[in-house]
Structure formats: structure tokens, C-alpha cells
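**Q**
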Amino acid sequence: MSASSLSFWDLLLWCVVLAITLGTIILLVLLISLTISQNTIPSKCRPRGSPIHLLVVLGSGGHTAEMLYMLERMKFDPQIYTYRTYLVSSGDNFSADKAKEFEAQHVQNSQGHVHSNNYTIVTVPRARRVHQSYLTAPFSTLQCFWACLNVLRGLHPDQKLPKEYSSLYPDLILTNGPATALCVVAGAKLIRFFLYLAKYTVLCLGLQKTSTFASAPKLRAIYIESWARVSSLSTSGVLLLPLADRFLVQWPAQAGRRAWWGMKRTQYAGWLVI
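Read in our numbering, the sequence shown has 176 at position 176, and its numbers run on one by one without any break.
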């Protein structure tokens with residue numbers, strides 16, 4: 001009996017050691033991947049006149065107002081960002097209406113005609129509703145995450161990307177929070193990870209002498225911290241600090257922060273909404 005008890009505890013011990021080892025390896029792979037991804041400089045060579053797909057995350061309320069004001073202030077050029085996808089959460093009619101208003105008022109060609117065929121508004125489930133229980137929030141967040149993955153892959157039913165775009169993935173993601181932004185940026189990182197994993201697997205196996213992923217989507221994410229955050233980052237900012245490719249802050253006290261050693265630091269961009 002003692003022998004059987006000993007073998008059971010030995011088996012349990014080995015299972016615990018194996019779980020800890022696998023968990024440590026996964027964590028190290030995740031940390032190293034995020035560090036490499038954040039510090040990789042994308043190629044600046046782009047064919048002249050090639051279309052650019054911009055994904056703008058509208059976080060509702062003040063976040064939406066800040067985002068659209070920043071786009072207006074930067075003298076948004078539809079000749080550069082030739083196609084726009086505005087992502088809103090379910091029930092957020094305010095953000096959807098503001099996106100339509102922005103397109104109607106500011107995104108016009110030289111003849112003054114609105115580029116109505118060059119943008120779309122997609123709706124995803126809300127990651128967490130106001131006053132929603134924390135017990136059910138993980139399920140709604142997963143639902144939102146899956147919907148955001150479909151948006152990033154161009155599979156959302158609301159999306160109608162023109163045929164001249166060779167890739168369904170957006171080239172650039174612009175966001176200032178809150179919860180939906182985390183789902184979008186995390187989804188972009190996940191897609192990029194598997195794309196590069198597939199790329200190097202193909203190369204290592206010798207199935208291709210040259211990479212067939214030269215036109216792989218960039219899916220670069222820029223996060224802009226709210227003007228209201230003077231001395232500390234928001235919850236969304238803390239979570240997105242290791243995920244965003246560029247993290248812009250609007251107060252000098254926020255500059256120079258980073259998730260851990262080796263990661264990019266936050267960049268002071270000045271007041272973008274005043």
C-alpha cells in the first residue's frame with residue numbers, strides 16, 4: 001500500500017514539475033516574442049500609390065471624441081489612408097454616427113465628393129458592459145476577441161474591402177482604448193505571431209528558398225494614451241504597454257515608461273487634443 005501511495009505522489013510531483021516547466025517555457029516564448037515584435041522596425045519601402053488600410057478603434061464617449069479630434073487635427077489625408085475601417089462596440093450608436101459625420105465633413109477628394117465607398121463601420125460585441133458581473137465578463141471578452149479577430153482577418157460580415165487590396169488585414173491600427181482596444185491589439189499580435197511562425201517553419205524545412213511572406217500584413221498598432229492621464233497610465237494603457245508597437249503619451253511625466261527591460265519606451269507626443 002505504501003508503494004502504491006509513493007508512486008501516486010511521485011506521479012503527481014512529476015505532473016506539477018512538467019506543468020511548471022511548460023508554463024515557464026510558454027511565458028519565456030511570449031515575453032521574447034513580444035520584445036522582438038515591439039522592437040522590429042518595419043520596412044519603409046512601399047510602392048508609390050499603393051493603398052493603405054487603416055483600422056480606427058472608437059472606444060465610445062470621450063475616447064471617440066478624442067480619436068476623431070486627433071484625426072481631424074493631423075489633417076487626415078484620404079489619399080494616403082485610402083481605406084478606413086471604424087470599429088465600434090455594440091450599442092454604441094454615438095461612435096458610429098460620429099464616424100459617418102467625420103467622413104462626410106473631413107474626408108473629401110479634390111472635387112468635394114465624399115469617399116463613401118472607401119470606408120466601413122463594423123460592430124463587435126462589447127467586451128464588458130457597464131455594471132456587468134466580473135464572473136461573466138471573461139465570456140463576453142472572449143466573444144469580443146473572436147469578433148475582433150474576424151475584423152482583422154477581413155471576415156466580418158460588415159466588411160466590404162475593395163478588390164485592389166491584396167491583403168484583407170489592415171496595415172495600421174490606431175486606438176486610444178478602452179477594453180475593445182485590448183482585444184484588437186492582442187488579436188493583431190496573435191496573427192502576426194502565427195504568420196511569422198509559419199514563415200520560418202517553411203524556410204527551415206526548405207519548402208521555399210525565398211520567403212513567400214514578403215507581403216505579409218504589418219498590423220502595426222499605435223496606442224495613444226488619454227489626455228486626462230497626467231501622471232499614471234490608464235488600465236488599458238498598462239495592459240497595452242507591452243503590446244502596442246508605438247505608445248504615445250501627451251504629458252512629459254508619462255514619457256520613458258516601458259513594460260520591462262528591452263521593450264520600447266512610451267513617447268511624448270505633446271497635446272494632441274487641445
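Just so you know, even glycine gets a beta-carbon here, dropped at the ideal spot from N, CA and C.
Looking at the unbroken alpha helix (DSSP H) that takes in Y165, where does it start and where does it end?
**A** Y165 -> no alpha helix (DSSP H), and no H or E assigned at all.
**Q** For R220, which three-state DSSP category applies?
**A** The answer is strand: DSSP assigns R220 an E or B state.
**Q** What's the C-alpha gap between F8 and V17?
**A** Distance between the alpha carbons of F8 and V17 is about 14 Å.
**Q** S95 to D158, Cα distance in whole Å?
**A** Whole-angstrom Cα-Cα distance: 16 Å.
**Q** Helix, strand or coil, according to DSSP, for V273 in the structure here?
**A** Note: V273 maps to coil in three-state DSSP.
**Q** Using a Cβ-Cβ distance under 8 Å, would F76 count as near chain C?
**A** The structure shown contains no chain C, having only a single protein chain.
**Q** Using a Cβ-Cβ cutoff of less than 7 Å, which residues in the same chain neighbour K354 once the five nearest sequence positions on both sides are dropped?
**A** Given that the chain is displayed from residue 1 to residue 274, the structure contains no residue 354 and the question cannot be resolved.
**Q** Extract the residue ranges of the alpha helix (DSSP H) inside the segment 86 to 143, only unbroken runs of 4 or more that lie entirely within it.
**A** Counting only runs of 4 or more, we get 93 to 106.
**Q** Where do the ends of the alpha helix (DSSP H) carrying H63 lie?
**A** G61 to R73 is the extent of the alpha helix (DSSP H) around H63.
**Q** Excluding the five sequence neighbours on either side, which residues of its own chain have a C-beta within less than 6 Å of the C-beta of M1, listed in chain order?
**A** Caution applies to M1, whose pLDDT of 46 falls short of 50 and renders its modelled position unreliable; the value that the coordinates give is listed next. So no residue of the chain qualifies.
**Q** Label F194 either buried or exposed according to how many other C-beta atoms from any shown protein chain fall within 10 Å of its C-beta, with 16 as the threshold for buried.
**A** With fewer than 16 Cβ atoms within 10 Å of its Cβ, F194 is classed as exposed.
**Q** If contacts are defined as beta-carbon pairs under 8 Å, then F247 and L241 qualify, I think. What distance do you get, rounded to the angstrom?
**A** Indeed, because the Cβ distance is near 6 Å, the residues count as touching under 8 Å.
**Q** D92 to V57, Cα distance in whole Å?
**A** Near 12 Å, if we compare the C-alpha coordinates of V57 and D92.
**Q** Any idea which residues DSSP pairs L174 with across the strands?
**A** According to DSSP, which records beta bridges pairwise, L174 is partnered with V56 and I222.
**Q** Please classify Q105 as buried or exposed, where buried requires at least 16 neighbouring CB atoms within 10 angstroms.
**A** It is exposed - the Cβ of Q105 has fewer than 16 other Cβ atoms within 10 Å.
**Q** Tell me the DSSP secondary structure of V249 in three-state form.
**A** It is a strand residue.
**Q** How far does the alpha helix (DSSP H) with G237 in it reach, from first residue to last?
**A** Unbroken alpha helix (DSSP H) run through G237: T235 to L240.
**Q** Taking the DSSP output, what are the residues bridged to Q159?
**A** Answer is none; Q159 lacks a bridge partner.
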